[in-house]
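Protein chains in written order, with my numbering: chain A, -1 to 323; chain B, 2 to 354.
Read the structure below first, then the notes.
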């Protein structure tokens, strides 16, 4: 369905820009309708109903516990939350492993796991930090996501994992001794966690995903490059971030080689170049700032940004055209 | 990274439409660059434009005093932008976009300065912005520039209408027109002004998706400390009724050729869902727009709709018009109903096809 939709979208966009005239469009319509057919509609509606149904049901359960249930005993609350989880598990158990219902039910399990954890934390006042709650949730989600092989489940795992890492980073940055790590080390932890996820998905994507795609790899790359890029830019101003600049350069070179030569991925190449430009610009600002020449700084930084991003665009556009044709 | 569809599509079109090499190259050149690629070029183009604008306006403002003199600079920027658009290059289009936006912004700012406009009387500025952006929308320019002009036009209209029931009706009307335009895309795709209609359709989609947030004005009122008029109470009716009616209308249009029982079944399901999800009009709007953009084969909006639906769930959580318990029960009922629909479709697929 996705391929046909993409092709139809492109044809209509060409027609809107005046590149295909009315006669050509009528020829195309005569040779086969360019609108979605009944089969496409069935796939879409089935997916929308099941995915939206599971999300509304799980969100409804979370809303239910957010209501002020002072009169309800904690065991009743826990039983209700666990029954929600059980309903989704039972749905996954009876559904065919290739069906959308199976994957959606497991997505429901991922969400329900979080609501059970939140309820336990709220009821027993465990005193756990926010990042610990999210980290445990992300870990407990792994079996469901693995079984589902769905990019949506892995996407949720990535989001929850990043929230845990960011909360951890925030705590390390402001209360370093308490969390045991300083801010730059926490950034390295974020980068490392995403690097592990990226390597896992690059090596074993056929086992981890039912329909191989690039979304999870790109999300992991985005977080990895952002963590290292921010650290790399900060390294010009604070010596303790120097390891991040080194790691940023190393990973950028590795990614440029890997995603150009081994597995072509243009969005990742664009992200890598973007963060290289950001790090280099930060360095240029620092160096020209030390010379105490504001006019030179503005012009040098402007010229560098202009030339570097234009060159990056030219290279990527050439790759894109080659790849398209 | 695999993208075999594009080459296959070009080969198919070449065969079906007997295209020569020049026409094939035109199609290849007329393909929009992916957004991440445009963003990288945009960085360079925006920086170049800002440097140019600063170097032009700095001496101009020193030499020329007074509002009319400054307004000439704004007009000059817009004229320069139109010239850049004529070059039909990606970099020139991005530069033209910045020049045009700066020119428009400058003219509006100068008019505000001239009229000594207070924060609560933006209408003269909205009229002016409506005229300028509306005019620029119809002049030859780039894809992005047309879209931004369409957005400015629709936002100016919203500012002119002001808060209250008028804005609620505007939001619903915009959503209805947008859905109709998507559903009828085939009829305007070869229209001489199809590029402008497309820009208005995209802008209408985005604005209606944002404006439907106003259905939860109780929440906005508290967080933004707005003093909304009394008429706001009617909005609790306009949004749910409007968006519910829209969903039923879209479904009725889509299944109009279906046989008796299937038609009434689909319509009944839409009505039931419209009633159950009425406290969340944003959710109903994303469903209606999702169906319409799928019919129009617009993949980009189709991908964005679930993100908007999830966002409206967060909005619903914090809105104050009904209790959390009511919201929870309605969501559980809607979710169960949708699951039953999904199960029924997977079980009795032939009834649909």
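We put the beta carbon where it would ideally sit given N, CA and C, even for glycine.
Remember, it's a predicted structure, so these values are computed and weren't measured experimentally.
Item: Could you work out which residue in A:16, A:252 and A:245 is closest to residue 183 of chain A when comparing CA atoms only?; Value: A:245
Item: For chain A, is any of its Cβ atoms less than 8 Å away from the one on residue 354 of chain B?; Value: For residue 354 of chain B, the predicted structure reports a pLDDT of 48, less than 50, and the residue's modelled location is therefore unreliable. The matter cannot be settled from this model.
Item: If you scan the segment 20 to 91 of chain A from start to end, which runs of the alpha helix (DSSP H) of 4 or more residues do you find wholly inside it?; Value: 20 to 28 and 36 to 64
Item: Which residues of chain B have a Cβ atom closer than 8 Å to the Cβ of residue 23 of chain A, listed in chain order?; Value: 190 and 191
Item: Which residues in chain B sit within 9 Å of residue 120 of chain A, going by Cβ to Cβ distance?; Value: Simply none; closest approach about 14 Å.
Item: Residues of chain A with a CB under 7 Å from the CB of residue 240 of chain B: which are they?; Value: Within 7 Å Cβ-Cβ: nothing; residue 240 of chain B doesn't reach chain A, min ~19 Å.
Item: Got a sec, what are the start and stop residues for the alpha helix (DSSP H) residue 15 of chain A sits in?; Value: Counting along the chain, residue 15 of chain A falls outside any alpha helix (DSSP H), and DSSP gives it neither H nor E.
Item: Take residue 188 of chain A and list the residues in its own chain whose beta-carbon comes closer than 7 Å to its own, dropping the five residues that flank it on each side.; Value: 163, 167, 221 and 225
Item: Could you check how far apart the C-beta atoms of residue 253 of chain A and residue 270 of chain A are, in whole angstroms? I think they sit under 8 Å.; Value: 5 Å
Item: Taking the alpha helix (DSSP H) that residue 124 of chain B belongs to, which residues open and close that run?; Value: 124 to 139
Item: Just by C-beta distance, which residues in the segment 141 to 171 of chain A are closer than 7 Å to chain B?; Value: none
Item: Could you check if residue 263 of chain B is buried or exposed, using at least 16 other CB atoms within 10 Å of its CB as the buried criterion?; Value: exposed
Item: Using a threshold of 8 Å, state whether the C-beta atoms of residue 154 of chain A and residue 105 of chain A are closer than that.; Value: yes
Item: Assign residue 111 of chain A to one of three DSSP states: helix, strand, or coil.; Value: helix
Item: On the DSSP letters alone, give me the boundaries of the alpha helix (DSSP H) that residue 217 of chain A sits inside.; Value: 213 to 233
Item: Relative to the ligand NAP, is the shortest distance from any of its heavy atoms to the C-beta of residue 179 of chain B smaller than 7 Å?; Value: For the structure depicted, the ligand NAP is absent and the ligand set is empty, with no information on it obtainable.
Item: List the residues of chain B that residue 52 of chain A touches, going by C-beta distances under 8 Å, in chain order.; Value: 336 and 340
Item: List, in chain order, every chain A residue whose beta-carbon is nearer than 7 Å to that of residue 332 of chain B.; Value: 54, 57, 58 and 61
Item: When you compare each of A:75, A:14, A:25 and A:15 to residue 20 of chain B by their alpha carbons, which one comes out closest?; Value: A:25
Item: Quick one: which chain A residues come within Cβ less than 9 Å of residue 318 of chain B?; Value: 57, 60, 61 and 64
Item: For residue 296 of chain B and chain A, any beta-carbon pair shorter than 8 Å?; Value: yes
Item: Kindly list, in the order they appear in chain A, the residues whose Cβ is closer than 7 Å to that of residue 7 of chain B.; Value: 322
Item: Does any residue of chain B have a CB that is nearer than 8 Å to the CB of residue 105 of chain A?; Value: no
Item: Kindly indicate the opening and closing residues of the alpha helix (DSSP H) around residue 281 of chain A.; Value: 264 to 288
Item: Can you tell me whether DSSP reads residue 327 of chain B as helix, strand or coil?; Value: helix
Item: Any idea what DSSP makes of residue 96 of chain A, helix, strand or coil?; Value: coil
Item: State the Cα-Cα distance for the pair residue 119 of chain A and residue 64 of chain A, rounded to the nearest angstrom.; Value: 13 Å
Item: In chain D, what lies closer than 7 Å to residue 314 of chain B by C-beta?; Value: Of the protein chains in the structure, A and B, none is chain D.
Item: Ignoring anything shorter than 4 residues, give me the alpha helix (DSSP H) runs that lie fully in the segment 126 to 211 of chain B, in order along the chain.; Value: 144 to 162, 166 to 184 and 186 to 189
Item: Please state if the CB of residue 48 of chain B and the CB of residue 102 of chain B are separated by a distance shorter than 8 Å.; Value: no
Item: Roughly how many angstroms lie between the CA atoms of residue 207 of chain A and residue 337 of chain B, to the nearest whole one?; Value: 27 Å
Item: If you run the structure through DSSP and keep just helix, strand and coil, what is residue 20 of chain B?; Value: coil
Item: For the alpha helix (DSSP H) that residue 299 of chain B lies in, which residues bound it at each end?; Value: Unbroken run through residue 299 of chain B: none, as it is neither H nor E.
Item: From the beta carbon of residue 27 of chain B, is the nearest beta carbon of chain A less than 8 Å away?; Value: yes
Item: Using the Cα positions of residue 9 of chain B and residue 284 of chain A, report the straight-line distance between them to the nearest angstrom.; Value: 50 Å
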